[in-house]
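Residue numbers (the working numbering): 158 to 625.
Ideal placement from N, C-alpha and C gives every residue a C-beta, glycine not left out.
Since we're looking at a predicted model, the values are computed, not measured.
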C-alpha cells in the first residue's frame, strides 16, 4: 500500500538487556519494513500460480479453488468456492485498507490540499480516461463481455508500483513517491466507482436496506466515541454479508466501513504530554525508591499503575484509523494480496490464451495499460502545467513523470480483480488475465528503466522553467 511512515527504533532494539528472541526476530522485523518485500511476495505468488496452472497438477489447482466452504447452517447457509471467499471476503479487507488510506490522505495528506493534489488528481483522471478510450475504440463491437472489460485497462496496482519504485532508492526524488502514491490513491477512488457502478448485478433492495442499517450502526459507533476496532469489525462483518447478498460487490463494504472509522483523537497533544509526564514522574519516583530499598525484577505496583496510565493515554491520543491501518498493512501486503495473486494469476497458457493477446480484448488491455496509462498521465500533467493549474514538484523532471506514468500501467491486483468481475469463466477470462500480466511486465520494465536512465542524467535548464 502507501509508503510507510517514519518509525522510531523500538525500545527492545535499544535495551541493554537483550533476550534471545530479540536476535531471532530482528531479521524478520527488518524484512517487514522493506517497502519492496510486498511486491516481491506478489511476484513470487504469481510465478507459483503460473507454474502450478501449467504443471501436471493443474487439475488439483483448479479443484482447490473450486472447493466449497460453507458458513452458517439452517435455511440460509453461505456456501461458496474458495476463490470467491478470497475475491469477496479477503479482498474486502484489502479495500478496507484502501478506504482507510483514502480517508487519511483526504484529512491530513496530499488530498487535503487541492493545490498540492492538483497534479496527481489530474494525472489520475488522464490515466483512466485514455486507457478506457483505447479499450473502447478497439472493442466497440465486441461480444462476450468485451465492453464490460474496459475497467480492466484503467486500474493501477499501488502496492506493486510503489514497491518497484522503492528498488531505485534515493536515486528518485522523494516527491515522486508522494506523486505516485497520491495518483494511485486517486486512481483507486476511480476504480471503486467503476466497480460500484458498472459491475453491480441485479439489486436486492431488502438486503440493501439491511446493509444501510449496518452502516448506520457503524456511524452510531463513531458518534458514540467508540475507538476500539473490534465493534467496528463485528458490525462491518454484518455490513459485508448484507452487501454480498444485495448484488452490490461485497468489497464495497470495506470502503464504506473505512469511512466510519474515527480519525480524530480523544485528547489533544498538550493534555497527552502533561498526563504522560505525570505518569512517568510517578514511575521514576517508584523506580528510585526501589533502588534505595531492595532491587527486584518484578515491576512494582506504582510502576505498573504508571505503565497502565501511559498505555491508556496512548489509546486516547491515537485515532482508531491509523491503529487499524497499522494492523491491516502486514496482513494485506504479506498475506491477502499474495493469496489473491496465487488464486487468480494462474493462467493455463495454451494456443487459445496466447492467441487471446491478439484479440480485441487482449489488445485493448495491453495497449490501455502499457501505452494509454503513461500517455494519459503525461498529457494530463503537461496540460495542467501549461494552463497553470499545477506545477511539477521540486526536483521532479518530465522524465520522472514519464517513468512514473509507465509504472502506473502496472494494473495487476486491481486489473485482475476487475477482470474476474467483467468476464465469465473460460478463455475470455484467461486471455484477459494473460493480457494484464503481459501489460504489467511491460509497464514495470519500461518504468524502471526510464526512471533509472533519468536519474543518471543532469536536469536541463529548461526543466526548471517548466515548474514555474
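- Pairwise C-beta distances place the stretch 232 to 250 out of contact with the stretch 502 to 518, as fewer than three of them are shorter than 8 Å.
- When secondary structure is reduced to three states using DSSP, residue 580 falls in the coil class, being assigned neither helix nor strand.
- DSSP places residue 259 inside the alpha helix (DSSP H), whose first and last residues are 248 to 265.
- Rounded to the nearest angstrom, the Cβ distance from residue 414 to residue 393 is 4 Å, consistent with a contact under 8 Å.
- DSSP links residue 236 through a beta bridge to 227.
- In the DSSP assignment, residue 403 falls within the alpha helix (DSSP H) that extends over 386 to 403.
- Cβ neighbours of residue 264 within its own chain (closer than 6 Å, five residues either side excluded): 420.
- Excluding sequence positions up to five before and after residue 361, its CB lies within less than 8 Å of the CB of 402, 403 and 404, all in the same chain and listed in chain order.
- Contact between residue 597 and residue 580 does not hold, since the beta-carbon distance rounds to 17 Å and is not under 8 Å.
- Contact annotation, residue 608 with residue 329: C-beta distance approximately 6 Å; criterion of less than 8 Å satisfied.
- Annotated three-state conformation of residue 244 is helix, per DSSP.
- Straight across, the Cα-Cα distance linking residue 601 with residue 217 is about 31 Å.
- When secondary structure is reduced to three states using DSSP, residue 356 falls in the coil class, being assigned neither helix nor strand.
- 356 is the residue among 356, 437, 486 and 387 whose C-alpha sits nearest the C-alpha of residue 407.
- In this structure residue 385 is exposed. Its beta-carbon is surrounded by fewer than 16 other beta-carbon atoms within 10 angstroms.
- Just so you know, the alpha carbons of residue 269 and residue 262 end up roughly 7 Å apart.
- Take the alpha-carbon of residue 291 and the one of residue 537: they are about 16 Å apart.
- The residue from 534, 482 and 436 with its alpha-carbon nearest to that of residue 253 is 482.
- Less than 9 Å divides the Cβ of residue 352 from the Cβ of residue 409.
- Of the candidates 514, 209 and 226, 514 places its Cα closest to the Cα of residue 587.
- Its Cα nearest to that of residue 333, the residue 280 stands out among 500, 280, 387 and 373.
- Judged by DSSP in its simplified three-state form, residue 425 adopts coil rather than helix or strand.
- The stretch 274 to 288 makes no contact with the stretch 428 to 443, as fewer than three CB pairs between them are under 8 Å.
- About 6 Å separates the CB atoms of residue 505 and residue 211; that is less than 8 Å, so the two are in contact.
- Residue 365 and residue 612 have their C-alpha atoms spaced approximately 51 Å apart.
- The beta-carbon separation of residue 310 and residue 521, rounded to 6 Å, stays under the 8 Å limit for a contact.
- Contact annotation: residue 399 and residue 371 have beta-carbon atoms nearer than 9 Å.
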